[in-house]
Every structure is written in structure tokens, then in C-alpha cells.
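Number of protein chains: 2
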Amino acid sequence: MAKRRKRSPVELKPVEPHMCDIPLRLKILQRLPFFTSLTAQEITEINTLFREVGFEAQESIYHAGDPAIRLYVVAAGIVKIMRHALNGQEILLDILTSGEFFGSLSLTDDDTYSDTAIAQTAACTLSISKSDFRSILARYPTVALAILDITSKRLHEAHETIRQISAHTVEERTAHTLVKLAEKLGEPHDVGLLIQTPLSREDLAGMVSSTPESVSRIISQFQKADLIDTGRQWIAITNLPRLREVANISD
Amino acid sequence: MAKRRKRSPVELKPVEPHMCDIPLRLKILQRLPFFTSLTAQEITEINTLFREVGFEAQESIYHAGDPAIRLYVVAAGIVKIMRHALNGQEILLDILTSGEFFGSLSLTDDDTYSDTAIAQTAACTLSISKSDFRSILARYPTVALAILDITSKRLHEAHETIRQISAHTVEERTAHTLVKLAEKLGEPHDVGLLIQTPLSREDLAGMVSSTPESVSRIISQFQKADLIDTGRQWIAITNLPRLREVANISD
DNA sequence: CGTCGAATTGATGACCCTCAAAGTTAGTGG
DNA sequence: CCACTAACTTTGAGGGTCATCAATTCGACG
Numbered sequence: 001m002a003k004r005r006k007r008s009p010v011e012l013k014p015v016e017p018h019m020c021d022i023p024l025r026l027k028i029l030q031r032l033p034f035f036t037s038l039t040a041q042e043i044t045e046i047n048t049l050f051r052e053v054g055f056e057a058q059e060s061i062y063h064a065g066d067p068a069i070r071l072y073v074v075a076a077g078i079v080k081i082m083r084h085a086l087n088g089q090e091i092l093l094d095i096l097t098s099g100e101f102f103g104s105l106s107l108t109d110d111d112t113y114s115d116t117a118i119a120q121t122a123a124c125t126l127s128i129s130k131s132d133f134r135s136i137l138a139r140y141p142t143v144a145l146a147i148l149d150i151t152s153k154r155l156h157e158a159h160e161t162i163r164q165i166s167a168h169t170v171e172e173r174t175a176h177t178l179v180k181l182a183e184k185l186g187e188p189h190d191v192g193l194l195i196q197t198p199l200s201r202e203d204l205a206g207m208v209s210s211t212p213e214s215v216s217r218i219i220s221q222f223q224k225a226d227l228i229d230t231g232r233q234w235i236a237i238t239n240l241p242r243l244r245e246v247a248n249i250s251d
Numbered sequence: 001m002a003k004r005r006k007r008s009p010v011e012l013k014p015v016e017p018h019m020c021d022i023p024l025r026l027k028i029l030q031r032l033p034f035f036t037s038l039t040a041q042e043i044t045e046i047n048t049l050f051r052e053v054g055f056e057a058q059e060s061i062y063h064a065g066d067p068a069i070r071l072y073v074v075a076a077g078i079v080k081i082m083r084h085a086l087n088g089q090e091i092l093l094d095i096l097t098s099g100e101f102f103g104s105l106s107l108t109d110d111d112t113y114s115d116t117a118i119a120q121t122a123a124c125t126l127s128i129s130k131s132d133f134r135s136i137l138a139r140y141p142t143v144a145l146a147i148l149d150i151t152s153k154r155l156h157e158a159h160e161t162i163r164q165i166s167a168h169t170v171e172e173r174t175a176h177t178l179v180k181l182a183e184k185l186g187e188p189h190d191v192g193l194l195i196q197t198p199l200s201r202e203d204l205a206g207m208v209s210s211t212p213e214s215v216s217r218i219i220s221q222f223q224k225a226d227l228i229d230t231g232r233q234w235i236a237i238t239n240l241p242r243l244r245e246v247a248n249i250s251d
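Residue numbers (this note's numbering), protein chains in the order written: chain A, 1 to 251; chain B, 1 to 251.
Following this line, the structure appears as C-alpha cells:
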């Protein structure tokens, strides 16, 4: 079997600052799952409370331990949420795309972030101060309910992750993670369902709570079984149904 | 070393139905962390929406897969929240005491419970229908904010658990779990800081994502090191500071 | 006192982490 | 356009932790 050299099929769209001009900001805010109930008038008003910041790929948005004062929304690009262990190991808790929020939600939380947010790709974020956001929640109960829904859904997912780590092998967890990523970020491509973000073995290891080496072995195995196609920093799924079987997905 | 026979120092207070009479119900509701902002008048009104149900020890309150229609509050006793894996392994996600809530929060959630709630001791619960609770949230924004705070705090804890499982050994996790339990349920006692709930090795195994056998070995080891005192279905901590060291607790 | 479930303890092996070295790929500058 | 470097990835060997299975002991309760 001749080995062909592979180039990454991932296309990185540069996120320019001007991407977040006023009309686009309004459009993004309007589309947020928790602002859908608001009128255009109200959105315009709320828009003035948001500050816009762009980040380059791999740039950190905030670090664990920083004073937690802002709530962020991903306008464009992809952001990863991490948590460090004392032994240096890094856990990747979540990968967020346009329209998802992160950062400081709770007033009673410790006043420092407990995790770290890093721009996985070049990204544009909108952020609002904790207190401004609180007053929005107090003013518009439907928004608060929507945020509550999303948060409790994330809690369910976290619980599901706990179950995953406890009860499944690295192989199963890796398959499961790939399926989830494909559902969230997958784009049809001639190499298969391509996960549209640069994704290293180390990132994957952080998601399945393992090591880059172990993930690499599993990935190679998947590739030999023709479940996926992969290269440096990219993965495409060529046989989603069978990958699901390996993942033994129940939910 | 002469082995003395040990009797369990855990005292189980029977929870009788009449414990939850009207005045007590009001008192419990008033004390709920998310209802503190309401007036006595409002509490009395809300009280009528709650239904009271008692459970015997080990009785199940609801099962994963049941239609998710109610939100529960622990009035008295202790409730454990579990999640089953397909391979039969059971994860213990949380242990709840008086004043904590569980069950169905989110309207957009799947319409079935994703976990199982079991009365660890005899317990008395107050429950309210999902829609009634929603209307309370919509009417009293401060309540919604309080619920959001609690939920996002639980999300943080779940993330912390994920980090724990990934980065620490069973020994460290066990120590950590014991410290947390002692903080939450510990009562001073002549045998040490007693964890006031019948707690089997299997329960502990479910909390640290391990097996009863492994937990038993660790527990024996702790006992030899004079960190704890233990017997069938009970554990008391005799040296909390050193147990903390073993847990390597950072938060 | 006898019974049953819980807890302990031991032996074995699977899984996967660690350490180490070699192979690949992307990006850089001549 | 090509060489070169640095980072990512792969692959191998070895060992440690922990799950599994099994047998015994212990404790609670009738």
C-alpha cells in the first residue's frame, strides 16, 4: 500500500476585526439561543452593553485564576474551555462555536475563573460585564429561563461525561468524542465528514481523558479499519455508522 | 493488636410522614436557598403547589427513563442521584440533603429523567410540577437567578469531578470524596467526624468511579494509617488534616 | 445461634500511562 | 523550489494501577 502524503483539508477562514461590525453584531446577538425572545429594539439596546474583542489562534481569552468579571459569547471562530490539573495534565472540557457562551455566569461563584478559555481558531467574541448581564436577566425572565435551560443541559452533558470516563475504554470514549465532534463541527468533504477545526492528538487526549500516545494508537487503529481518515491536526470520518457502533452510543 | 468488634455509630432517625406537616413545610420552603428572597405570604401561596411524598430507605424516587415531569426538594433525609452504565456499573453523581433540589429543571430537556434518584435514608420530599415551577421562575426573577447560580455551581463541581477522575489515583479520589462527604454530612462523634448516612463500599466506589474491592483496599490502608475509623456501612474521619493531604486538595 | 449480605484479602491479567526513539508534516528562509 | 527545522505523530517496550474473579471473614439482625 503506497503511502501518499496528506495535506490538511481544514480550511481556516481568517476572522477579521471588521467581521464584527454593527449589523453583524446585531445579527449574532439576535440569533443567540437565549435572546431569541427579544425584539429588535431590545437587542439594539442590549448591544451597547457588549464589548467586542478578537483573538488570534491559540491566544488565551482568560486564564483560570483571573478575576471572573465577564461573560463571553462566541461570535465567530472556535473556543476551547480547559482546566489544568496540578500534575500538568490538561483537560479539555468543551469546544464552543458561534452562538455559545462561556465565562462568568454566577454572582455567587468564586470571583475567579475556574477554567481557561483559549481561541482554538482565530475568533471574535462579544463580552458583557457580569453585573450588566445580571440586570438583563432580571429584566427579561424569558432570557433567564433560556440560560437556565442551557446550563442545566450542560450539567447533564458533564454528568454524561463522568459516566463515560468511568465506564468506557479509551477506544470507546475516543469513538464517542469523534461522533460528537462530527455532529457539532462536521462538514461534508470529499475525504468524508471533516471536523472543521485544527485538532491535535493532545486536544483529543484532553477530551477523552487520556494521553496523546494512547489516542494516536486508537486513531491509527480506526484508520486501518477505514472508519476515519486523518493527518496532522485533522480528522475526517468516513464511516459514521460503524464509528457509532464502536462508541456504543446510547443517548 | 486485639480486634474489637465494632457497632455502627450511625443513628438513623426515622422520618415519619407527620414530620412534613404544614408549618414545617413552610419552614423548609422558606429556608430553600432559592426562596429566601420571597415573603411569607408568597411562600404560603407557593406551598400549595407542592406535593409531599415520603420514601423509605433504599426506595427509588424515580428511575432514569421515566417521564420527567416533577422537580423535587429534599425536606428531610438523604437522597442519592445515580446514573447507570450499560455494563451494569453504577455511578453515584451526587448526594443531597435537606434543602437541595433535584429532578426535572429544564423544559427543553428530554422528557425523561437521565438519572435515577434513590432515598439513601428514609426521606421526605416536596415536589412540584415542571410547569408550575416554571411559572414561579417567570414570576419571580430573583428565584430564577438563584436557581441559575446553584445550577452553574453544580456544573463547576461536575467539571471538577471530571478533572479529578482524569488526573488522580483511586487513593487520592477516595480521600477527596471522604473529605467532601465529611464537610457536607460530618457530625462530631466520639469515634471522630462521623459521616451520617449509611455508606457502603459500593456507594463510595460509585462516587470515585472505581470498584468496591479497590475502595475496600484503600479504606483498609487509611485505617491502618489511623486516618479513619470504619465498619460495615459507616466511616468516621479521625485525622482530617492528613486526609486532606492525601487528597491533595486544591480547591 | 444461624443466616445473609457486606467487607476483606489474594492472585491474576488487562488496560493504558510513561518513557524513548524514529518518522512525518507544515512552515521558513535561502 | 528546495532544504531545514520544529512540532506533531507514530510506534515500541516496560511497568504500574486497578478491575476482575474467587474465597474467606465479619457484622447485623432475626
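Every residue gets a Cβ at the ideal spot worked out from N, C-alpha and C, and that includes glycine.
Determine the extent of the beta strand (DSSP E) in which A123(B) is found, giving its start and end residues. In the second sequence, residue 123(B) corresponds to position 123, counting from 1. A123 to S129 is the span of the beta strand (DSSP E), which, as asked, contains A123(B).
Please look up how many angstroms separate the CB atoms of T125(B) and Y72(B), rounded, as I've assumed it's under 8 angstroms. Walking along the second sequence from the start, residue 125(B) turns up at place 125. Walking along the second sequence from the start, residue 72(B) turns up at place 72. Indeed, because the Cβ distance is near 5 angstroms, the residues count as touching under 8 angstroms.
Expected contact under 8 angstroms - CB spacing of I128(B) and F50(B) to nearest Å: By one-based count along the second sequence, residue 128(B) stands at place 128. By one-based count along the second sequence, residue 50(B) stands at place 50. That belief holds up - the Cβ atoms of I128(B) and F50(B) are roughly 5 angstroms apart, short of 8 angstroms.
Can you tell me whether R201(B) is helix, strand or coil according to DSSP? By one-based count along the second sequence, residue 201(B) stands at place 201. If DSSP states are grouped into helix, strand and coil, R201(B) belongs with the helices.
Under a CB-based cut-off of 9 angstroms, is A2(B) close to chain A? Residue mapping note: residue 2(B) aligns to position 2 of the second sequence, counting from 1. Note that A2(B) scores a pLDDT of 41, beneath 50, so its modelled location is shaky; the value from the coordinates is reported in the next line. A2(B) does not count as touching chain A.
Does any CB atom of chain B fall closer than 9 angstroms to the CB of P141(A)? As a first step, residue 141(A) must be located in the first sequence, where it is residue number 141. Yes - at least one Cβ of chain B is within 9 angstroms of the one on P141(A).
Would you tell me roughly how many angstroms separate the C-alpha atoms of K130(A) and F222(B), rounded to the nearest one? The residue labelled residue 130(A) in the question sits at position 130 within the first sequence. The residue labelled residue 222(B) in the question sits at position 222 within the second sequence. Approximately 44 angstroms, taken between the alpha carbons.
Min CB distance N47(B) to chain A below 9 angstroms: Stepping through the second sequence from its first residue, residue 47(B) is reached at position 47. No, N47(B) lies away from the interface with chain A (no Cβ there is under 9 angstroms from its Cβ).
Taking Cβ-Cβ distances below 9 angstroms as the criterion, which residues of the stretch 216–244 of chain B are in contact with chain A? none
Can you name the residues that DSSP bridges to S60(A)? Numbered from 1 along the first sequence, position 60 holds the residue referred to as residue 60(A). Beta-bridge pairing links S60(A) to I118(A).
What separation, rounded to the nearest whole angstrom, lies between the Cα atoms of D21(B) and P33(B)? The residue given as residue 21(B) occupies position 21 in the second sequence. The residue given as residue 33(B) occupies position 33 in the second sequence. Their Cα atoms are separated by approximately 20 angstroms.
Spatial distance of I95(B) from S210(B) (CA atoms): One-based indexing of the second sequence puts residue 95(B) at position 95. One-based indexing of the second sequence puts residue 210(B) at position 210. When rounded, the distance between both Cα atoms is 17 angstroms.
Does chain A have any CB closer than 9 angstroms to the CB of L137(B)? As a first step, residue 137(B) is located in the second sequence; it is residue number 137 there, counting from the start. Judged by the 9 angstroms Cβ criterion, L137(B) is in contact with chain A.
Below 8 angstroms on the Cβ atoms is my guess for I28(B) versus I165(A); work out the distance and round it to an integer in Å. Looking up residue 28(B) in the second sequence gives position 28. Looking up residue 165(A) in the first sequence gives position 165. Rounded, the Cβ-Cβ distance is 36 angstroms, inconsistent with contact.
For T112(A), which three-state DSSP category applies? The residue you call residue 112(A) lines up with position 112 of the first sequence. Reduced to three states, the DSSP call for T112(A) is strand.
Quick check on the burial criterion: 16 or more other C-beta atoms within 10 angstroms. Buried or exposed for R139(A)? What you label residue 139(A) is simply residue 139 of the first sequence in a count that begins at 1. Counting Cβ neighbours within 10 Å, R139(A) comes out exposed, since fewer than 16 surround it.
Just verifying my parser: in three-state terms, what is the DSSP assignment at T230(B)? In the second sequence, residue 230(B) corresponds to position 230, counting from 1. If DSSP states are grouped into helix, strand and coil, T230(B) belongs with the strands.
What does DSSP give as the partner residue(s) for G186(A) in the beta ladder? Indexing the first sequence from 1 puts residue 186(A) at position 186. I195(A).
So, using beta-carbon positions, are P198(A) and Q120(A) closer together than 9 angstroms? What you label residue 198(A) is simply residue 198 of the first sequence in a count that begins at 1. What you label residue 120(A) is simply residue 120 of the first sequence in a count that begins at 1. Yes, these two residues count as a Cβ contact at 9 angstroms.
Just the C-alpha distance for A247(A) and K224(A), rounded to the nearest angstrom, thanks. The count along the first sequence starts at 1 and reaches residue 247(A) at position 247. The count along the first sequence starts at 1 and reaches residue 224(A) at position 224. Answer to the nearest angstrom: the Cα atoms are 17 angstroms apart.
What does A294(A) pair with, by DSSP beta-bridge criteria? Residue coverage of chain A in this structure runs from 1 to 251, which leaves residue 294(A) outside it and unanswerable.
Tell me, please, whether the CB atom of D149(A) is closer than 9 angstroms to any CB atom in chain B? Against the first sequence, residue 149(A) aligns to sequence position 149. True, the Cβ-Cβ gap to chain B drops below 9 angstroms.
Inter-residue spacing [alpha-carbon to alpha-carbon] between E100(B) and P9(A): Locating residue 100(B) in the second sequence gives position 100, counting from the first residue. Locating residue 9(A) in the first sequence gives position 9, counting from the first residue. Answer to the nearest angstrom: the Cα atoms are 49 angstroms apart.
Counting only C-beta atoms, is D328(A) closer than 9 angstroms to chain B at any point? No statement about residue 328(A) is possible, as the shown extent of chain A runs from 1 to 251 and does not include it.
Counting contacts by CB-CB distance shorter than 9 angstroms, is Q189(A) in contact with chain B? Taking the first residue of the first sequence as 1, we reach residue 189(A) at position 189. According to the sequence as given, residue 189(A) is His; it is not Gln. Answer no: the Cβ-Cβ gap between H189(A) and chain B never drops below 9 angstroms.
To the nearest angstrom, how far is the alpha carbon of I228(B) from that of H159(B)? Residue numbering aside, residue 228(B) sits at position 228 when the second sequence is read from its first letter. Residue numbering aside, residue 159(B) sits at position 159 when the second sequence is read from its first letter. Spanning the two alpha carbons is a distance of roughly 28 angstroms.
In chain A, which residues lie less than 9 angstroms from A119(B) when you measure between Cβ atoms? If you number the second sequence from 1, residue 119(B) lands on position 119. None at all; the shortest Cβ gap to chain A is about 20 angstroms.
Find the residues of chain A that neighbour L92(B), judging by a C-beta separation of less than 8 angstroms, and give them in chain order. Stepping through the second sequence from its first residue, residue 92(B) is reached at position 92. Under the 8 angstroms cutoff, chain A gives no residues; its nearest Cβ is about 10 angstroms from L92(B).
CA-CA distance, T36(B) and F133(A)? As a working note, residue 36(B) is residue 36 in the second sequence. As a working note, residue 133(A) is residue 133 in the first sequence. So the two alpha carbons sit approximately 22 angstroms from each other.
Start and end residues, alpha helix (DSSP H) containing I28(A): For the purposes of this step, residue 28(A) is identified with residue 28 of the first sequence, where counting begins at 1. Segment I22 to R31, the alpha helix (DSSP H) holding I28(A).
Comparing C-alpha positions only, which one of Q58(A), L204(A) and D66(A) sits nearest to T230(A)? Against the first sequence, residue 230(A) aligns to sequence position 230. Measuring from the Cα of T230(A), the nearest candidate turns out to be L204(A).
When burial is assigned at 16 or more other CB atoms within 10 Å of the CB, is S220(B) buried or exposed? Here residue 220(B) corresponds to residue number 220 of the second sequence, with the count starting at 1. Exposed, by the Cβ-count rule.
Can you check DSSP and say which residues form a bridge with A236(B)? Taking the second sequence and counting its residues from 1, the one referred to as residue 236(B) is at position 236. Answer is L194(B) and D229(B).
Within the same chain, show all residues whose beta-carbon is closer than 7 angstroms to that of N239(A), passing over the 5 residues directly before and after it, in chain order. Your numbering for residue 239(A) matches position 239 in the first sequence. Excluding positions up to five away in sequence, the list reads D226 and L227.
Buried versus exposed, by CB contacts within 10 Å (16 or more), E187(A): In the first sequence, the residue the question calls residue 187(A) occupies position 187. It is exposed - the Cβ of E187(A) has fewer than 16 other Cβ atoms within 10 Å.
Assigned exposure category for L86(A) - 16 Cβ within 10 Å defines buried: Residue numbering aside, residue 86(A) sits at position 86 when the first sequence is read from its first letter. It counts as exposed.
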